[in-house]
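Just so you know, we're using my numbering here: the sequence shown kicks off at 108 and counts up by one. Ideal Cβ positions, reconstructed from N, Cα and C, are used throughout, including at glycine. Everything numeric in this text was worked out from a predicted model, so none of it was measured.
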Amino acid sequence: MSELDPDTPQAPALGSRPRVLFVDDEPRILTSLRMLCRRRYNVRIAEGGEAALAVLREHPVDVLVSDQRMPGMTGFELLREARTIQPGAMRLLLTGYADLNAIIGSINEGEIFRFISKPWVNDELLAIIDEAAAAAAAAPVPAAPAASTPADITDADADMPADTGPSEAAGPGVLVLDPSPARRAEMAGVLGGNYRVIEAADLDTAVERLQSEDIGVLISDVRVENTRIVELLGLLKTHAPNLVSIIVTERADAHDAIDLINRSQVYRFLVRPLRQTMCRISVRSALERHHTLRQNPEQTRRYAARPVTEEPVGLGRGLIDRIRRMRQRLQPGASA
């Protein structure tokens, strides 16, 4: 089932409001969403993933809002396909339960903009859709993603040698933030000589490196010094929006992953034991994203985190002030 709300204005008025596609396998949920949003957006609804793909192949969409738990095709599987069909559409995932694998998949393969919890709060849902629609309108449509995604990588790839393509060692660096010397050494070994790897054992050193070095990608665990890294990444996303972050952790948690998307727009979420080829592909892709954002600062809106409305927990005042004074080259529009 696919349907455009009959009360939605038709062309030429169709382009005057954001085009939003809601996907769910429950008709009553679709009815509720349509009634809530019909006067604010040009609304289409689709009952299930296959119906949604049919809509996406025929009609341009600014914002796609999908349920996660649907028969036949899950929400993250739909978002993964949608990313190829309409890369310019902002992708939001509605979820009423914490399925860790689905959440990680939607981060790594669907590259979602926000998670929205069920039951939603109407005003919050509308505010998120407004933000997504504004980002879609302000930023140019990115190129379709490469065919290779983490889902395409087999376990055997972990034994493949490091990249043999052009070296990135002269470009923006990769900052590895981890208290463990062994894990920092492991990451440096995985990345080989193809990247300029910079190490930091604590938050203070990481911020110092960000101030003094040209860094494009930050790799960290979910916690450093008993501090949730989401606090640091959220602040960095505000003051250094073209910095791209990757999480590598042994302690995967669904709620942490949701927070890391909504509050800091983490780019990839990798779980140990480390699959080396996946890690290298993720870092290479993250550096490409950094370069794109540096060259096209308007696109940072597509990857903006939820605005910080209160002081980050666990970060000292001095650290917060230093991040807010981050060097100009980490800001949008800085030259490469």
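Spanning the alpha carbons of E157 and E184 requires a straight line of approximately 11 Å.
Bridge partners of M197 according to DSSP: V170. Taking C-alpha positions only, E133 is separated from I368 by approximately 26 Å. Straight-line spacing of the CA atoms in E293 and Q383 works out to 10 Å. Its Cα nearest to that of Y374, the residue S392 stands out among S392, R176, R303 and L233. Contact between R290 and I305 does not hold, since the beta-carbon distance rounds to 15 Å and is not under 8 Å. Less than 8 Å separates the beta-carbon of D169 from that of A196.
Comparing alpha-carbon positions, the option among D328, H346, N349 and P348 lying closest to R358 turns out to be D328. With a threshold of 16 other beta carbon atoms within 10 Å, Q402 falls short and is exposed. The C-alpha of S123 lies about 18 Å from the C-alpha of R141.
About 29 Å separates the Cβ atoms of N333 and H397, ruling out a contact at the 8 Å cut-off.
Excluding sequence positions up to five before and after P279, its CB lies within less than 7 Å of the CB of D321, I322, G323, L394 and H397, all in the same chain and listed in chain order.
Residue range L310 to S319 is occupied by the alpha helix (DSSP H) that includes L317, with no beta strand (DSSP E) assigned at that position.
Secondary structure at G280: strand, using DSSP grouped into helix, strand and coil. Taking C-beta separations shorter than 8 Å and ignoring five residues to either side along the sequence, the partners of L310 in its chain run L284, V331, E332, T334, L339, L422 and L426, following chain order. Beta bridge pairing from DSSP links A307 with L284. Counted as a single uninterrupted DSSP element, the stretch harbouring S392 is not any beta strand (DSSP E) but the alpha helix (DSSP H) occupying residues Q383 to Q402.
By the neighbour-count criterion, in which a residue is buried when 16 or more other Cβ atoms sit within 10 angstroms of its Cβ, E154 is buried.
Contact annotation: S173 and L200 have beta-carbon atoms nearer than 8 Å. Taking the C-beta atoms as reference points, T356 is found nearer than 8 Å to V378. For a cut-off of 8 Å, the C-beta gap from A361 to I210 is around 5 Å, short enough to register as a contact.
Burial of T181 is indicated by the presence of at least 16 other C-beta atoms within 10 angstroms of its C-beta. Distance from L282 to I354 at the Cβ level is roughly 13 Å; contact not present, criterion being Cβ atoms closer than 8 Å. Counting every other CB atom within 10 Å of its CB across the protein chains shown gives A244 a total below 16, marking it as exposed.
Every unbroken stretch of the alpha helix (DSSP H) spanning 4 or more residues and falling wholly within the stretch 191-245 is given here in chain order: 207-215 and 229-245. Between L160 and E188, the CB-CB gap stays under 8 Å. In this structure, the alpha-carbon of I388 lies about 23 Å from that of A347.
Here K225 is exposed. Its C-beta has fewer than 16 other C-beta atoms within 10 Å.
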